[in-house]
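So the sequences go chain by chain: A and B.
Those letters in the first sequence? Residues 1 to 344, per this note's numbering, in order.
Those letters in the second sequence? Residues 1 to 344, per this note's numbering, in order.
Virtual Cβ for every residue (Gly too), placed ideally from N, Cα, C.
Protein chains: 2
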Amino acid sequence: MPDIGIKELAQQLGISTASVSRALNKPERVSSAMRERVRQAAKEYGYRTNMIGSSLRTSRTKNIMAIIPDLSDTFNSGVISSMEATAAEAGYSVLFGDSQGLRERELRYGDLVQQKQADGVIFFGPKPPFDEHILTSENRSMPPMVNSCEVTDPKGFMVRGNPVPYVTVDNTRAADELVSHLIENGHKKIAVITGGKNTPSACQRLDGYRNAHNRARLAISEQHIFEGDYTIDSGEALTEKILKLEDRPTAIFCMSDESALGSMHTLHKHQLKIPDDIALAGFDDIRFANYVTPALTTVSQPVFDIGRICTEMLIAQIEGRPIENNQIILPHKLILRESTNRVL
Amino acid sequence: MPDIGIKELAQQLGISTASVSRALNKPERVSSAMRERVRQAAKEYGYRTNMIGSSLRTSRTKNIMAIIPDLSDTFNSGVISSMEATAAEAGYSVLFGDSQGLRERELRYGDLVQQKQADGVIFFGPKPPFDEHILTSENRSMPPMVNSCEVTDPKGFMVRGNPVPYVTVDNTRAADELVSHLIENGHKKIAVITGGKNTPSACQRLDGYRNAHNRARLAISEQHIFEGDYTIDSGEALTEKILKLEDRPTAIFCMSDESALGSMHTLHKHQLKIPDDIALAGFDDIRFANYVTPALTTVSQPVFDIGRICTEMLIAQIEGRPIENNQIILPHKLILRESTNRVL
DNA sequence: TTGAAAGCGCTAACAG
DNA sequence: CTGTTAGCGCTTTCAA
Chain A
1 MPDIGIKELA QQLGISTASV SRALNKPERV SSAMRERVRQ AAKEYGYRTN MIGSSLRTSR
61 TKNIMAIIPD LSDTFNSGVI SSMEATAAEA GYSVLFGDSQ GLRERELRYG DLVQQKQADG
121 VIFFGPKPPF DEHILTSENR SMPPMVNSCE VTDPKGFMVR GNPVPYVTVD NTRAADELVS
181 HLIENGHKKI AVITGGKNTP SACQRLDGYR NAHNRARLAI SEQHIFEGDY TIDSGEALTE
241 KILKLEDRPT AIFCMSDESA LGSMHTLHKH QLKIPDDIAL AGFDDIRFAN YVTPALTTVS
301 QPVFDIGRIC TEMLIAQIEG RPIENNQIIL PHKLILREST NRVL
Chain B
1 MPDIGIKELA QQLGISTASV SRALNKPERV SSAMRERVRQ AAKEYGYRTN MIGSSLRTSR
61 TKNIMAIIPD LSDTFNSGVI SSMEATAAEA GYSVLFGDSQ GLRERELRYG DLVQQKQADG
121 VIFFGPKPPF DEHILTSENR SMPPMVNSCE VTDPKGFMVR GNPVPYVTVD NTRAADELVS
181 HLIENGHKKI AVITGGKNTP SACQRLDGYR NAHNRARLAI SEQHIFEGDY TIDSGEALTE
241 KILKLEDRPT AIFCMSDESA LGSMHTLHKH QLKIPDDIAL AGFDDIRFAN YVTPALTTVS
301 QPVFDIGRIC TEMLIAQIEG RPIENNQIIL PHKLILREST NRVL
């Protein structure tokens, strides 16, 4: 009993392929007798719908493309896992692409959507993964998409007058709160290790850093701003530089927990006590943040909801269901732990 | 200029669709004039091959299915990222499915392959993600597959007399080496937090634990074996239990670094000094292992190679290229760090 | 409620 | 080297 197609199955049952298809996909449109007979036989013969045929006919693949800057990043892992779970529940599969933050790769993954390998795309990046050309030219159909985590504009990226739906947190405010906490703890010289100049979330967090200083009428030394890339390595290496500063900061704000862990490592290596000698804060609240010593002060992002909601929004678009609210800013939360818990 | 198909493109150029297809996919089989003309026009009109049509014709989707027990696990993240990179380079995309270790989910993802959503499957699990039924029934085609990380049999899982290709490390030996290291350091009571009874890698690591004890003629107390599931939580919770043991162990071997970090947290909470009061070792060498305090002794697995090689092997199968060696055991490495570095 | 037949977009076999 | 043509497996009119 080799692989069997709808034709053979229909033949076996002495009915038309149309009936088989209907019995399987639109059960309400066939008699219950037919329904049962077909289902029974399908199971017996091990019939599986060939999705390629189905896709060609319906122009739907049941695949989603998700373009992520770094698949191995712990924060992203959480989002990925949540996207996958949400998609699976709705009968979709997810193609994950790692862009490394490179536009060229984003475009390559975007191409997959245009090539109909996927029905829509979730992208973590400042703009949709399509040519300028396509983005602007009128009367060209745009595939369903959702922007997440790396959202540039509070109005959403505009494509021909329409904002692209997004899901994110208020990075600016979150960083502001975190840095304000440091300032309230008496810190006046706070170094920051960023997530890159071209990364929207990092720019926003830097705005927050500046806002907090401004509000407290505290001067910012541009020498205290170090450009990292959210990785452990950058946290580790840049902290070395920070420690070489003649006017050493009393606190370090890393824009990701991964960087903060790298930073923590360097601080330990230099025998510095956290938070007494130097305070340290991260961002993301990855699950390890609470397990290192000292436990890391950070900002938690609703990882699970981010993944779930953007996937739901994308699927709603794909299936033509209306979306009530398509510019979603999820709540973050300041998590105070030992790494900044200095008693003055 | 709306979306354009091969037909319209051919029409615009006054040539046949066959020529367009050939110019794009088999450039060596058309004149260079034709090749250029078509490419030029394709670019100009923004033509993208509709992969569904192509797939229907060729029965190839250029997708790979990868079934992973936990997408958010740090060790897996590394493998995932490496799989994706390898696949992308070869022009494939990867559908990642999270099975949670549940057979039912494995089967659901396996179904996608049978439904031709993907050309082959990489699975982390004790057996292929297909019905018993399908696995045994003769004259049923089996899709290309590769087993990784959770490999039961050193001969490879047999499907109708043929071993399923695999890529893994020698978990038994690795755990043996690690536990032997502890024993050499004078530990006689070593608790272990496993990765689950039904998880091949965990069973193998437990074998290694036993072997090391046997070789050293050291008795094993079954009460020192705690069944975890590789997560931080299980490490944290089971360590609490370990500390309640009347005859407290002097070392803990966690079968994953994530568990070890959870364990470390509990030990810190109880003010125990690592390694002086109690030694701790993990497995995997996730990138955080070197960044916690004290740095964690562990076994490193060649994450990147695991992902790369199993993806390459799968693609080779898909494309009908011969595989020289399809039972691959990659080298591991004992990584000694502070968490077991006790001076006797 | 069911069947017949067209056709989704593409590539491969065959002919010229 | 290029064109003609068939058909991959399915769903969806349309008609009975």
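Around the beta-carbon of aspartate 247 of chain B, fewer than 16 other beta-carbon atoms lie within 10 Å, marking it exposed. With the rule of 3 Cβ pairs closer than 8 Å, the stretch 99 to 119 of chain B does not count as touching the stretch 76 to 86 of chain B. The distance from the Cβ of cysteine 254 of chain A to that of alanine 281 of chain A is about 7 Å, consistent with a contact at the 8 Å cut-off. In the DSSP assignment, serine 148 of chain A falls within the beta strand (DSSP E) that extends over 145 to 148. Rounded to whole angstroms, the gap between the alpha carbons of threonine 199 of chain B and aspartate 3 of chain B is 49 Å.
Within the stretch 286 to 303 of chain B, the residues whose Cβ lies closer than 8 Å to any Cβ of chain A are, in chain order, Arg287, Phe288, Asn290, Tyr291, Val292 and Thr293. The C-beta distance from serine 77 of chain B to leucine 314 of chain A rounds to 22 Å, too long to fall under 8 Å, and the pair is not in contact.
Distances from the CA of alanine 88 of chain B to each of A:Glu106, A:Tyr166, A:Ser93 and A:Ala88 were compared; the closest alpha carbon is that of A:Glu106. The C-beta distance from threonine 194 of chain A to glutamate 227 of chain A rounds to 5 Å, short enough to fall under 8 Å.
Secondary structure of asparagine 214 of chain B (DSSP, three-state): helix. Near chain B, meaning a CB-to-CB distance below 8 Å, the residues of the stretch 251 to 266 of chain A are Leu261, Gly262, Met264 and His265.
When C-beta distances to chain A are compared with 7 Å, the residues of the stretch 217 to 247 of chain B below that value are Ile232, in chain order. By the C-beta density criterion, glutamate 184 of chain A is exposed, having fewer than 16 other C-beta atoms within 10 angstroms. Not one beta carbon of chain A lies nearer than 9 Å to the beta carbon of aspartate 305 of chain B. In the DSSP annotation of this structure, the continuous segment of the beta strand (DSSP E) that includes asparagine 63 of chain A starts and ends at 63 to 68. With contacts defined by Cβ atoms closer than 9 Å, alanine 251 of chain B and leucine 182 of chain B form a contacting pair.
Inter-residue distance for valine 303 of chain B and alanine 175 of chain A is about 34 Å (C-alpha atoms, whole angstroms). In the DSSP assignment, serine 263 of chain B falls within the alpha helix (DSSP H) that extends over 257 to 269. Within the model, the alpha-carbon separation for arginine 22 of chain B versus serine 54 of chain B is close to 12 Å. Within the stretch 80 to 96 of chain B, the residues whose Cβ lies closer than 8 Å to some Cβ of chain A are Ile80, Ser81, Glu84, Ala85, Ala88, Ser93, Val94, Leu95 and Phe96, listed in chain order.
Proximity of the stretch 319 to 335 of chain B to the stretch 228 to 241 of chain B falls short of the contact definition, fewer than three beta-carbon pairs being nearer than 8 Å. CA-to-CA, the gap between serine 263 of chain A and phenylalanine 124 of chain B works out to about 34 Å. Inter-residue distance for histidine 224 of chain B and serine 259 of chain B is about 16 Å (C-alpha atoms, whole angstroms). At the C-beta level, valine 167 of chain B and leucine 330 of chain B come within 9 Å of one another.
For phenylalanine 96 of chain B, the closest alpha carbon among the candidates B:Ile274, B:Thr311 and B:Met65 is that of B:Met65. Annotation: the continuous beta strand (DSSP E) that includes tyrosine 166 of chain A extends over 166 to 169. Your pair alanine 42 of chain A and leucine 24 of chain A checks out as a contact, with CB atoms roughly 7 Å apart and the cut at 8 Å. Interface residue (Cβ-Cβ distance to chain A less than 9 Å): isoleucine 309 of chain B is not classified as such. Among the residues facing chain B, glycine 53 of chain A is included, as its CB has a counterpart in that chain under 9 Å away.
In this structure, isoleucine 52 of chain B sits near lysine 116 of chain A, with a CB-CB distance shorter than 9 Å. Here isoleucine 80 of chain A is not near cysteine 310 of chain A, since their CB atoms are 9 Å or more apart.
For aspartate 3 of chain A, the chain B residues whose C-beta falls within less than 9 Å of its own C-beta are Gln114, Arg140 and Ser141, listed in chain order.
The C-beta of glycine 78 of chain A comes closer than 9 Å to at least one C-beta of chain B. Glutamine 11 of chain A sits in a helix when the DSSP states are folded into three classes. Proline 27 of chain B sits in a helix when the DSSP states are folded into three classes. Close partners of glycine 120 of chain A in chain B (Cβ separation under 8 Å) are lacking, with about 14 Å as the shortest Cβ gap.
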